[in-house]
Amino acid sequence: MIKIAVFASGGGSNLQALIDAQDTGLFKGKIALIFSNVPDCGAMKRAENERIEAVAIASKGYPGSREEYDAEVLRLCQSKKIDLICLAGYMRIITSVLIKAYPFKIMNVHPALLPKFGGEGMYGHHVHEAVIKAGEKESGATVHFVTEGVDAGPIVLQGNVKVMGTDTPETLAEKVLKVEHHIYSESVRLFCEGKIKVVDGRVRVSL
Ligand code: GAR
Numbered sequence: 002m003i004k005i006a007v008f009a010s011g012g013g014s015n016l017q018a019l020i021d022a023q024d025t026g027l028f029k030g031k032i033a034l035i036f037s038n039v040p041d042c043g044a045m046k047r048a049e050n051e052r053i054e055a056v057a058i059a060s061k062g063y064p065g066s067r068e069e070y071d072a073e074v075l076r077l078c079q080s081k082k083i084d085l086i087c088l089a090g091y092m093r094i095i096t097s098v099l100i101k102a103y104p105f106k107i108m109n110v111h112p113a114l115l116p117k118f119g120g121e122g123m124y125g126h127h128v129h130e131a132v133i134k135a136g137e138k139e140s141g142a143t144v145h146f147v148t149e150g151v152d153a154g155p156i157v158l159q160g161n162v163k164v165m166g167t168d169t170p171e172t173l174a175e176k177v178l179k180v181e182h183h184i185y186s187e188s189v190r191l192f193c194e195g196k197i198k199v200v201d202g203r204v205r206v207s208l
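Numbering (the numbering used here), first residue to last: 2 to 208.
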């Protein structure tokens, strides 16, 4: 059984989608840990309701470096024997301390069709604002592996939505979130079934 940690900093709707997918038996994995850098975020409240072990370490005011912070998070994941880390609205760039310990075992969901609208500063509503401003007719969501370089790792799955002239960042975010929930659960299913391989920096999914 693949042991999964979900990292979140916000409302936690992706976390909830993964919990629901687990509960309906979509993937053969167990969410064994919920981690947050924001102790009072919505995701932590969801964790409480679900009775899944949840740990928060406030990043705001943390006395050490980013690497020291991640070393603490790594020790936590190793102590729980975590196999896969899912970043689900985790608003913190992770360092090589975690990335090297979990090569192609950390996934992230991004609210756009990468490689477009990714990189530093492109998160949450900023992404949807930029998509609308650019006059894009299509947007979507991407699940990718985390490598060094923001939003740059091999893409696992993507899903599209149409951008209408009447869309606002809020309505677009709502449509994109639905896609995120679907492709994230599917990506975790594929991972748990051992169907994902990374070859020459690209993901190959075997069916
Ligand atoms: C999601 O749209 C996710 O893609 C985005 O934050 C939101 C979290 O929502 N993540 C990023 O922008 C990371 N670059 P949630 O807390 O409801 O899952």
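Glycine included, each C-beta is placed from N, C-alpha and C at the ideal position.
Here the structure is a predicted model, which is why all the values come from computation and not from measurement.
Item: Close Cβ partners of Leu99 (< 6 Å) along its chain, the five nearest in sequence each way excluded; Value: Asp71, Leu75
Item: Leu215 CB to nearest heavy atom of the ligand GAR below 7 Å; Value: Since the first residue shown for the chain is 2 and the last is 208, residue 215 is missing from the structure and cannot be characterised.
Item: Contact check, Gly90 vs Ser10, beta carbons under 8 Å; Value: yes
Item: The alpha helix (DSSP H) enclosing Asn15, as first and last residue numbers; Value: 14-24
Item: Within the stretch 177-208, ranges of the beta strand (DSSP E) (whole runs, at least 3 residues); Value: 197-200, 203-206
Item: Backbone secondary structure at Lys156 - three-state DSSP; Value: Residue 156 is actually Ile in this sequence, not Lys. Strand at Ile156.
Item: Distance between beta carbons of Phe28 and Arg190, contact taken as under 8 Å; Value: 4 Å
Item: Met108 - DSSP class collapsed to helix/strand/coil; Value: strand
Item: Whole-Å CB distance - Lys196 paired with Ser207, under 8 Å assumed; Value: 5 Å
Item: Limits of the unbroken alpha helix (DSSP H) element including Ile35; Value: Taken as a continuous stretch (DSSP letters only), Ile35 belongs to no alpha helix (DSSP H), being part of the beta strand (DSSP E) at 30-37.
Item: For Cys78, the three-state DSSP class (helix, strand or coil); Value: helix
Item: Cβ pair His111, Ala153 closer than 8 Å; Value: no
Item: Residues near Arg203 by beta carbon distance below 6 Å, same chain, minus five either side; Value: Pro155
Item: Within the stretch 117-167, ranges of the alpha helix (DSSP H) (whole runs, at least 4 residues); Value: 126-134
Item: Cys87 to Ser37 span [Cα, whole Å]; Value: 12 Å
Item: Option nearest Leu114 by Cα separation, candidates Tyr103, Glu121, Met108, Val128; Value: Val128
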